[in-house]
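Protein chains in written order, with the numbering used here: chain A, 127 to 336; chain B, 7 to 663; chain C, 2 to 304; chain D, 542 to 1026. For reference, the structure is listed below as structure tokens.
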Amino acid sequence: MENFFSILFSLSLFYVAITFRVKAYVSVLRFQGILLALLLILPFIFKFSIYAIILPLTIVLIKVILIPNYINKIILDLDIKRKIDPTIQQLTFLIIVIASVIIIFLLTSIISNNIELNVIPFASGFSAIVVGIYLIIFRKKLIIHVCGFLILENGIFLISTAIASELPMMIELGILLDVFVVVFLMGIALNRISDTFEGFEVSHLRRLKD
Amino acid sequence: MNILLDNDTSLLIFGFLIQFTSIFFIFLKKNKSAVFFSNTINIIGLAFSLFISIKFLFTSNGNTFPLFYNFVKIDTLSLFFLFLIQLISIPTSIYIFSYLKHYIDEKRNVRSFMLFFILLIISSQMIVIANHAILFLICWEMMSMTGFLGMLLEYEKNEVQKGSFYYFAASHVIVFILYIMFFILHKLTGSWFFDEYQKNLQIIYPVTIFLLGFLGFGIKAGFIPFHFWLPQAHPIAPTVLSAFLSGVIIKLGIYGIFRTYLFLKPLPEWVGWLVIIISLVSAIFGVWYALAQHDIKKLLAYHSVENIGIIGIGFGLGLIGAANNSLPVQILGFGGALLHTLNHAIFKSLLFIGSGVIYQNLGTRNIEEMGGIVHRAKYLSIFFLIGSIAISGLPPFNGFISEFIIYVGFFKTANELKNYYPILMLLFAVGLALVGGLAVACFTKVNSIIFLGTARKEIKKFVINIYDYISLGLLSSLCIIIGFFPTPFVYLIGKIIKYDFVNYSYRSVLETIEWNNFSFIFISFSSLATIIFFIKKYFNKKYSSRKIEAWGCGYNNITPRMQYTASSFADELNEIPKSILLYHKKIDLSENVFPKSFHFESHSEDLVDSKVVIPFYNNLRNILDKIQFLSQTDIRYYIGFILITIFIYSLLSFIWN
Amino acid sequence: MLEGIISLIIVIFISPLFAGMINKYKAIFTGRIGAPVFQPYYELIRLIKKETINASSSSFVSKIAPIIIFLSMIFVSSIIPVGFLKPLISFNGDIILFAYILGLARFLQILSAMDIGSSFEGMGAAREATFALFAEPIFFFSIGSIAFISGHTSMYEIFNSILLNNIGYEIFIIVCSISVFILAITECSRMPVDDPNTHLELTMIHEVMILDNSGFDLFLYQFSSYIKLTIYALIEISFFYPFGKQNHFLGILIFIVGFLTLSITLALVETITSRYKMKLIPQYLLFATSIGILNLLIYTFMK
Amino acid sequence: MLDFTIFILLPLFASFLCYIVKNIKIHFFISFFVAIFHLVLSLLVFNKLYHTILPTYFGIDSISRFFILILSNVYFWVVIVSYNYLKRPYSEKVEESKKYYFLLLNFYLASNSAAMLSNHFGMYWVASEATTLSVAPLIYYYRNEESLEAMWKYMFTVSIGIAFAFIGILFLSLASKNILYDGRQLFYWELIKNASKLNTIWLKASFIFIFVGLSTKIGIAPMHSGDVDATSNAPSPIAALMSGSLRLTALLGVLRIFQIVTFSSTYSFAKSIMIIGSLLSLFVAFAYMFKANNYKRLLAYSSVEHLGIITLGIATGGLAFVGALYHSLYNSINKIVLFLMAGNIHYKYKSREIESVKSVFKNLPITGWLFLISVLAILGIPPFGIFFSEIKIFEGLIISNQWFILVAIMFFLLFIFVNMSKKVFEILFKEDDLFSNNYVKKEKFELIHLISIMLLIMLAVIPLSFSNTIYQNILSILNDFGMKI
């Protein structure tokens, strides 16, 4: 079951790789949020407890509702162009993504020989991280950078579920809060940037140089 | 608290305390009084400590006074250098009274200068008595930094910024080299204390350590090719400071070299040869560079290089003697070096102060614009003449004595250690003679162009106040005393060598030379001179005497511009090592029938500075500019770097096992 | 002590005569009768009687310089042993004193020249300084090498320790005397380095430096230059010693003969050679230096 | 519980107050008292006069004792000057950001103390992320393009870096799987106790991720850029805070994982990685100094250099480790003075370009002298602290026979010294006709100068007094790391 969700997760990454629309990123984020929430609930389906439900709920709250809406709001306010303008061809990007995902899966399976971990969630989480970085590196729009960052975060979250490390609840919550605040601040910064630089391109941020 | 508090040492400490107290007077309300009081107190303290150290020096019988948990230890060598520092800093400080006068008038920040100068004196005294490596390094840094900050009296001048920066950078290079040296020593002996090093006989790789020390201290002392900073820094310093720098600070480099030797003796012979050759080169080319200069202070700075070279020759001779464990050679070599250190300190500060007085009045350091000062300031020119004769190593002044010792050292070496030594010694003797000849040429040039003849640029007023006379008089009388009565000083030197370098019982070679001959000869010389002077006076009275225009070969209206200039005086000599001096002349003759104005100028740059140091720096910068990835402005690269670094490190982790 | 004084007096009184002899021979070689041999004495006396004139721009330097130069000549000559007589000043290392007192004299000579403030003297002074630089090594190579061989550092000792029993030694002395001869020519500014009695200031070295002196000063200058010449002559002759010790009569004989031959050679050289170009003089001196180095080689072969 | 209140809850409460109250003066007083309490308590704790009882996820040991002292010291001085700094008229946009200044400052204090007192990696992560978030708006104090860009870059880079650090933490828990029972994972002491049993591969991986991730915050090359941008564009007190304490907070994380690693077989690997990083950052500083044209960037790069030296010392271990800890203390103090003086200069000239700032000595004599002295101090001139700590580090390098590294860093340091001083002298001494003409009135002695003088005296006194408490504490840290001199 976990593996199924993880596969879906990595498929969403491929979608990210090829899509041209900014909105699509937001929906992908939502989708991934839902997946993560489900992943968290899974172990507790039969033995229901109130503590088990808090975390998934917060995830749904933050990752599925608050953040995507917030980003949508930003997009609307600053009327960012729908289309992303990639620095490299989508196809190439896709190839890169696929290649790295494959490599990651292979490596993980190699590593998992001498230490037991459920490969697929781990690998897909890891590939999410890598793809997030790729998005930041290969895209110009700052908003996409933010999305990339969020995808990366999701990947991390997936890993943390994959290796089933008992991070204490409050710390998990703290992490979620931090992520939310980061996104919030980035949003504010984006506002500022839009009215100081008239644009959301990275290319504007070239003042500070040695 | 194992301070050895017999009254002598306590007196010594008391002297230091007086010097320290002088610092508080800097914070008096008025600039004038601040300078006056602090300086006076400082001079008193210095005089007191000088008295004490002389007492120690003459009564010392090789015992050392450990103080403050053995952090400070005073042996004979330190006493000698202590004596030297205090001896020189007194006249220099006296000169301050007159030097800072017009700076006070133009509301400069003289307090800070005073502060740094006093700290400089104190820290340089601390250096020679420090017995703990870290303490030594701290004092060394203090010395360099206070010297540097003192140079900033006229910070707004470009040349001052440049020169002081040279000094700053060079001093830090030195400190880094010294770090390494002392760390090695510490690693080998497991101690920070100098006397431990001195006791410890089986230090391995002594040569490496010595070369490090020679490099480090040699930069400070200004051996060619490590001298490049010296002619940059000394000219631009305030004259008081440059007198002190050339007089004392570079001697601390010599002190350091002596110390390092004491840690590591005995050294293999080739080190001695290396030292002696470097020194000979510095001596010859130092004076030759000096000959090519027109800036009086720069010229004197190059002369410091020359004299350091002479000291180094003596030191190298001593090393050779030590390597062949022939006692007399050792004694003569080190003795000559030590005595010349003292002498050079004396006459170099004398000359610098003289040049300072001239600079105060004429407002220029270019000797081509001077001339005829003797008619304005007779005594100044006499003092300067004494200094020049002394620095050229001519009798009857002190420079001659030390060079004489070194010459005798050459002869002794030739006799003591036969086979091929005499030839080399002869070569060195010739080299030293060459240096002497060049020095004569250089200082005849300086004296005649600055003082003699008629003024090239008319002098409005030439004031010399009492302080100048006092300081100059003190120093020149020292020149005369050491020249005429060398016996006690030579005895002193012999003592130092006896207690710190090699211990011997019988009368040393230094004493076997009949020094009283010199006293006798020189005294009779001067008395005869006076007698003949009076005879001459008598004859002049008998068959009258008068003054008329110099004969102009029939040409009547001779102007000062027709005098021989410094460049033309030195030209033929500078032509010889043209390529090394980077000596070039610029003559533009107007070709037309009715010639307009001709123009001639000649100048020389420092080879090491302009062909090694600067190019190295520039090339390094250019190479680093080529490395692009260091200066990224795009955030995506920042993120990329993270990924790449993680990737590389993970690869490393796989490679690791 | 007494010997020393005697020898000093001999040197002082013989020196003008030596100059006179040279001039006489020169005259003879050029087919003139020439001035009498004692002419220099008359000259000196005449100079004393003359009025002393200084340049208006001159200072105390040109007052004291002649005296010190004269005195230093005296002192130098009191280091040189005359024949078997022990000189007045004689101690270990007096050859260094010898060289350096000459240096002092040169220093003041140059200063007094520059003191006039006229460019002629300047020229002379500059040349003096330059050529002196080349002269120094010659001195150390020749005299110094003897000192090194003999192992003594006092003139008297050196010349006393000379023994003609070594073959290489004779060659050595010959070569040495040649280089000293050249040194003498340079130092005393004779032909072909300098022309003492030319009348073109631009070509002179020594004479031009004392161009503006007269009267007593000039007397001192002249006298000291005579003494200087004599000193070098004495060094030359002193090479041919062991005899002085064996037989005083022979010694005195050789002394006189040496003087005669030297004066004749100098006169010859001055008649047959003409003054070199200023540019050539350094090469000429370097040649002498190389001879000095030759000394070293001989020395090495001797062992 | 009192300590927890003062260290963390009180600042939080203070920031809340600052949110309610609008008057900046009151803000200042609140934060001033908080700072004093903090400082006093941390002094007490440091001298072991007060024994702490902290809730779970928090605990105090010698490292945190040492670092929290540094933190509260820096914070104290920064708060004192801040009011003086805020009073300066700059532009009306800045007025806006003055409202949040002390709020964020207090929040920063709270989060940073939490990070330093935490004894659980998760807690540490949360807290240090919070510090980033609290500092980011402060960087944007001036509300101009540069500061905006700097804030964006800093926040973004550091968030991503710290995310990587989190991956590292996950790996760590993976490494400790089946060794530590649930609920006791990721506690430092547990990990240290069982360090030798941990799975090597994951330990290595986690070290790499944590080190690299936190490097963005420490400013270890090649992840230094965002940090440098932020430090050079932040207002001076914030810049001082960042160089003085924030970088150390990040360093603390590295120290924690390093402490675990020291007891395992990965030690040598981790060492070499850290040495590589430090040499890289030294090299970067060395290369930058040649073409520096902005004096605040110069100082930022100097922080990069010094953090590099500290990392080197930590990696070398032994005496160098001691030196490194001393170095972090002295550097934190020294940086305050440097940045404050730089701030004065910037306020007077309204420019950060070295070309356009000239003859500071004439126009601002006091600031000029203090700046000169503090630069000399940071370059390692006695009697100031940096000299002593650097000597210790060098000596440690020699004791562990790493001659090449020693020579390399000496080469770098030499040229850093030369170039940095060159640039600084240009600022201080070079005459420029256009400014010195309208050279108005003599600078008057302000609080900032007094504080700088006090700090410089502190910098000279601490090493010369050979304070035993510090030394003992450092020795116990060394002991925790299982090293000895």
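Cβ atoms here follow ideal geometry from the backbone N, Cα and C, with glycine treated the same way.
Three-state secondary structure assigned by DSSP to residue 532/B: Three-state DSSP puts residue 532/B in a helix.
Do residue 404/B and residue 488/B have their C-beta atoms closer together than 8 Å? Residue 488/B sits close to residue 404/B, with the two beta carbons spaced by under 8 Å.
Got a sec: which bits of the segment 636 to 648 of chain B sit with their beta carbon under 7 Å from any beta carbon on chain D, in order along the chain? Closer than 7 Å at the C-beta level to chain D, one finds these residues of the segment 636 to 648 of chain B: 636, 638, 641, 644, 645, 647 and 648.
Using a C-beta cutoff of 8 Å, does residue 312/B count as contacting chain D? By this cut-off, residue 312/B is not an interface position.
Got a sec: which bits of the segment 305 to 323 of chain A sit with their beta carbon under 8 Å from any beta carbon on chain D, in order along the chain? The residues in question are 307, 308, 311, 312, 315, 318, 319, 322 and 323.
Would you check if there are 3 or more beta carbon pairs closer than 8 Å linking the segment 758 to 775 of chain D to the segment 695 to 704 of chain D? A contact between stretches requires three or more CB pairs, one per stretch, nearer than 8 Å, and the segment 758 to 775 of chain D meets this requirement with the segment 695 to 704 of chain D.
Cβ-based burial, residue 559/B [other Cβ within 10 Å; buried from 16]: Counting the other CB atoms within 10 Å of its CB gives residue 559/B a total below 16, which places it among the exposed residues.
Going by the DSSP bridge assignment, what does residue 301/B pair with across the sheet? In the DSSP output, where bridge partners are listed per residue, residue 301/B has 372/B.
Give me the residue from 459/B, 176/B and 409/B with the minimum Cα distance to residue 147/B. Closest by alpha carbon: 176/B.
Consider the Cβ of residue 233/C: report whether some Cβ of chain B lies at a distance smaller than 8 Å. The C-beta of residue 233/C comes no closer than 8 Å to any C-beta of chain B.
By how many angstroms is the C-alpha of residue 819/D removed from the C-alpha of residue 940/D? When rounded, the distance between both Cα atoms is 19 Å.
Judging by CA-CA distance, which residue of 321/B, 312/B, 251/B and 324/B is the nearest neighbour of residue 149/B? Among 321/B, 312/B, 251/B and 324/B, the Cα nearest to that of residue 149/B is on 251/B.
Beta-carbon neighbours of residue 263/A, restricted to chain B and to distances below 7 Å: The answer, in chain order, is 642, 645 and 646.
Below 8 Å, how does it come out for the segment 275 to 283 of chain B and the segment 184 to 191 of chain B: are there three or more Cβ pairs, yes or no? Contact between the segment 275 to 283 of chain B and the segment 184 to 191 of chain B is absent, because fewer than three Cβ pairs lie under 8 Å.
What is the DSSP secondary structure of residue 1048/D, counted as helix, strand or coil? Since the first residue shown for chain D is 542 and the last is 1026, residue 1048/D is missing from the structure and cannot be characterised.
Residue 151/B touches chain D at which residues, Cβ-Cβ below 9 Å? Near residue 151/B (Cβ distances below 9 Å), the residues of chain D are 917, 922 and 923.
For residue 594/B, the first and last residue of its enclosing beta strand (DSSP E): It spans 589 to 594 - the beta strand (DSSP E) in which residue 594/B sits, taken as one unbroken run.
So with Cβ pairs under 8 Å, would you call residue 401/B a contact of chain C? Residue 401/B counts as touching chain C.
Output, in chain order, the set of chain D residues within a Cβ distance shorter than 7 Å of residue 279/A. For residue 279/A, the chain D residues whose Cβ falls inside 7 Å of its Cβ are 704, in order along the chain.
What does residue 716/D touch in chain B if you count any residue whose Cβ is under 7 Å from its own? Under the 7 Å cutoff, chain B gives no residues; its nearest Cβ is about 13 Å from residue 716/D.
Quick check: is the beta carbon of residue 772/D nearer than 8 Å to any beta carbon in chain B? For residue 772/D, no Cβ of chain B is located within less than 8 Å of the residue's own Cβ.
Pull the bridge partners of residue 716/D from the DSSP assignment, please. Under the DSSP definition of a beta bridge, residue 716/D lacks any partner.
At 7 Å on the CB atoms, spell out the chain A contacts of residue 664/D, in chain order. Result: 297.
Residue 179/B at chain D interface by Cβ criterion, 8 Å: Chain D, which has a Cβ nearer than 8 Å to the Cβ of residue 179/B, makes this yes.
Report the rounded CA-to-CA distance for residue 127/B versus residue 211/C, giving the unit in angstroms. Cα to Cα, residue 127/B sits roughly 48 Å from residue 211/C.
Among 1006/D, 584/D and 910/D, which residue has its Cα nearest to the Cα of residue 664/B? Outside the modelled stretch of chain B, which goes from 7 to 663, sits residue 664/B, for which no answer is possible.
Looking at the C-beta of residue 762/D, does it have a partner C-beta in chain A at a distance below 8 Å? Output row for residue 762/D: interface = no.
Any C-beta of chain B sitting closer than 8 Å to the C-beta of residue 823/D? For residue 823/D, the answer is no, since every Cβ of chain B falls outside 8 Å of its Cβ.
Please compile the residues from chain B whose C-beta is within a distance smaller than 8 Å of the C-beta of residue 137/C. Within chain B, the residues near residue 137/C are 436, 439, 440, 442 and 443.
How would you label residue 87/B, buried or exposed, when you count the other beta carbons within 10 angstroms and need 16 or more for buried? Buried, by the Cβ-count rule.
Between the segment 691 to 702 of chain D and chain A, which residues of the former have CB atoms less than 9 Å from a CB of the latter, in chain order? Listed by position along the chain: 691, 692, 693, 694, 696, 697, 700 and 701.
Report yes or no: is there a C-beta of chain B within less than 8 Å of the C-beta of residue 189/A? Taking CB atoms only, residue 189/A has no neighbour in chain B less than 8 Å away.
Is it buried or exposed, residue 1006/D, if we count other Cβ atoms within 10 angstroms and call 16 or more buried? Exposure of residue 1006/D is indicated by the presence of fewer than 16 other C-beta atoms within 10 angstroms of its C-beta.
Give me whichever residues DSSP pairs with residue 552/B in a beta bridge. 54/C.
What residues of chain C sit near residue 381/B, judged by a beta carbon separation below 9 Å? 58 and 60, listed in chain order.
Counted within 10 angstroms of its Cβ, other Cβ atoms place residue 438/B as buried (16 or more) or exposed: Taking all protein chains in view, the Cβ of residue 438/B is crowded by 16 or more other Cβ atoms within 10 Å, so the residue is classified as buried.
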